[in-house]
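Scroll down for the structure; my scribbles are underneath it.
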Amino acid sequence: MPKVVVTAKIAPEGPHNAIFAANGFSVAFPPANCDVFQEDGLIGQLKDVEAVVAGSEPYTPRVIESLPKLRMIVRAGVGFDAVNLAACDKAGIPVCTTPGVNHHSVAEHSIALLMAIARGFPLLDRKVRENRWDRKGYPRVMGKTIGILGLGRIGQATATRAVGLGMKVLALEPYPNHEFVKQWNIELVDLDTILARSDFLSLHLPMSAENHHIIDRARIAKMKKGVMIVNTARGPLINEADLCEALKSGQVAAAGLDVFEVEPLPLDSPLLKLDNVLVSGHVAGLDHESAHDTSKMCADLIVGLHQGRWPDGCVQNMKSGRPAGWKW
51 MPKVVVTAKI
61 APEGPHNAIF
71 AANGFSVAFP
81 PANCDVFQED
91 GLIGQLKDVE
101 AVVAGSEPYT
111 PRVIESLPKL
121 RMIVRAGVGF
131 DAVNLAACDK
141 AGIPVCTTPG
151 VNHHSVAEHS
161 IALLMAIARG
171 FPLLDRKVRE
181 NRWDRKGYPR
191 VMGKTIGILG
201 LGRIGQATAT
211 RAVGLGMKVL
221 ALEPYPNHEF
231 VKQWNIELVD
241 LDTILARSDF
251 LSLHLPMSAE
261 NHHIIDRARI
271 AKMKKGVMIV
281 NTARGPLINE
291 ADLCEALKSG
301 QVAAAGLDVF
311 EVEPLPLDSP
321 LLKLDNVLVS
331 GHVAGLDHES
341 AHDTSKMCAD
351 LIVGLHQGRW
361 PDGCVQNMKS
371 GRPAGWKW
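First residue of the sequence shown: 51, per my numbering; consecutive thereafter.
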C-alpha cells in the first residue's frame, strides 16, 4: 500500500481521504509536535513515504537525498520556491503545484488587507478598546491607483476586485493576457512607473532570484510618499528591514502582510512593534472552498500519476515532459 504524508495545512477530513482510500493509499499527518520546517524533522516524517502533499517546508538537496522511496511532491498551492527542483530532477521526482484552485481566496484576502490598512486597522480597533475615541478621517479608496506586480491568476482576480472598488489599475506583467487587460481597462507599465504612480501596491509575483527583495530601500524611495503595500505572495519579495524603516518614516503609510522573510514570523520581529502594520499568518489561500479544491486536486494528481497519467500543466520541473522509462 503506497503511503502519502500530508504536511500542508489542509483539513484532515478533506476529500483527499476518500480519493486515497478508494485507490489503495494510506494517509498520515505529522504529529503536532513535529517541526517539519527543520530538515531532520521533515526527513523523519517522510521516510518510507512515496508521495507528499507539501506545504512551505524546505525540500533541500539533503532532504531529497534522504528519501529514496519518494516518487512525487505535490505542493498545496502555486508556489514552489521551497523545493529544490535540481535535486528533484536528479532523483526523478516530479514536483507539482495546484494552479487554479486558490486565486479567488488570495485575491479576497489581498483586498481585505488593502481595505483594512486604508481605513486604519488595526489601530482603530485598539484605540476603542483603550477608550480612545479618536474620530479622524482616512483617505477614500475609490479613485485611487493600485499597482499590481504580477498579473497571473491571482493578480487578475485582485485586479477585477480593485476595479469593482472604483480603483485605477496599473500592472507589471511580462506575459500579459491582452484580452483581459483590455476588458478591465488595465494599464500595463514598467516597474518604475508603477512605483511612481501607485497609491497602493499589491504583490503577486513568484519567488525567484530576480524577484528577491524587488521591494527594497531604493525602490521604496521611488514610491509616492504615503503609499500602502500589500503582500500575499512571498515574504522575500520585500526587504523587511527596509520596509520597517519606511513605515517608521512615513514614506510607507501602512502595510498588510500575509507572508514574511522568515515563517512563522518571530515574535521579536520589528514588524510586530508597528501600529501601521496588519499581519496574518500565510493564510490568504485558505478559504473553505479553496481548501476543499486543493485537497481534491492534490489527491487526484498523486493517484493519477500512480496509475500512469502524467500531470501535464502542473509539473514545475522536468520541463521536457515525462522522462523516458520513468515509473512509479
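Just so it is clear, CB atoms sit at the ideal spot from N, CA and C, and this is done for glycine as well. For clarity, every value in this text was computed on a predicted model and none was experimentally measured.
Is residue i near the ligand ATP, with its Cβ less than 7 Å from a heavy atom?
| i | result |
| --- | --- |
| R179 | For the ligand ATP, the structure offers nothing, since it holds no ligand at all. |
Can you pull the DSSP bridge partners for residue i?
| i | result |
| --- | --- |
| S76 | K53 |
| A305 | I279, V327 |
| L174 | Looking at the DSSP assignment, L174 forms no beta bridge with any residue, so it has no partner. |
| C146 | V124, V365 |
| V191 | Bridge partners of V191: none, in fact. |
| V133 | Y109 |
| I198 | A221, S252 |
| I288 | I265 |
With C-beta atoms as the reference, is residue i less than 8 Å away from residue j?
| i | j | result |
| --- | --- | --- |
| I143 | V353 | no |
| F87 | M51 | no |
| A283 | L255 | yes |
| L367 | C138 | Leu is not the amino acid found at residue 367; the sequence shown has Asn there. For N367 and C138, yes; Cβs fall inside 8 Å. |
| P149 | R190 | no |
| V151 | L120 | no |
| I114 | A82 | no |
| L321 | C364 | no |
| G310 | E339 | Note that residue 310 is Phe in the sequence shown, not Gly. Not a contact, by the Cβ cut-off of 8 Å. |
| A78 | K53 | yes |
| S252 | V280 | yes |
| K194 | F230 | no |
| L336 | V124 | no |
| H262 | P286 | yes |
| P80 | T57 | yes |
| S330 | D362 | no |
| Y188 | R176 | no |
| V145 | L96 | no |
Below 7 Å CB to CB, which residues in the same chain sit around residue i once its five sequence neighbours on both sides are set aside?
| i | result |
| --- | --- |
| A116 | Note that residue 116 is Ser in the sequence shown here, rather than Ala. I93, listed in sequence order. |
| D292 | D266, R267, I270 |
| L328 | L163, A166, I167, F171, P172, G306 |
| I236 | A209, V219, A221 |
| L297 | A305, L324, N326, V327 |
| A157 | I204, A207, T208, R211 |
| L238 | A221, E223, P226, V231 |
Whose C-beta lies closer than 8 Å to the C-beta of residue i among residues of the same chain, with five residues either side of it excluded?
| i | result |
| --- | --- |
| P65 | H342, S345, K346, A349 |
| I161 | T208, R211, A212, L215 |
| D240 | L222 |
| I60 | H66, V103, A126, A341, T344, S345, C348 |
| L317 | none |
| N227 | L201, Q206 |
| A246 | K272, M273, K274 |
| S248 | T195, I196, G197, L220, M273, K274, V277 |
| T243 | L220 |
Give me, in chain order, the residues of the same chain whose beta-carbon lies closer than 6 Å to that of residue i; leave out the 5 immediate sequence neighbours on both sides.
| i | result |
| --- | --- |
| A304 | I167, M278, N326 |
| L173 | D325 |
| W378 | R121, H356 |
| H154 | A207 |
Considering only residues of the stretch 201–282, which uninterrupted alpha helix (DSSP H) runs meet the minimum length of 4 residues and lie entirely inside it, listed in chain order?
203–214, 228–233, 241–247, 267–271
Taking contact to mean 3 or more Cβ pairs, one atom from each stretch, closer than 8 Å, check whether the stretch 260–271 and the stretch 202–222 are in contact.
no
Does the stretch 183–201 touch the stretch 370–378, meaning 3 or more C-beta pairs lie closer than 8 Å?
no
Kindly confirm or deny that the stretch 121–134 and the stretch 96–111 touch, where touching means at least three C-beta pairs closer than 8 Å.
yes
My parser needs the alpha helix (DSSP H) runs of 4 or more residues fully inside the stretch 93–117; what are they?
111–115
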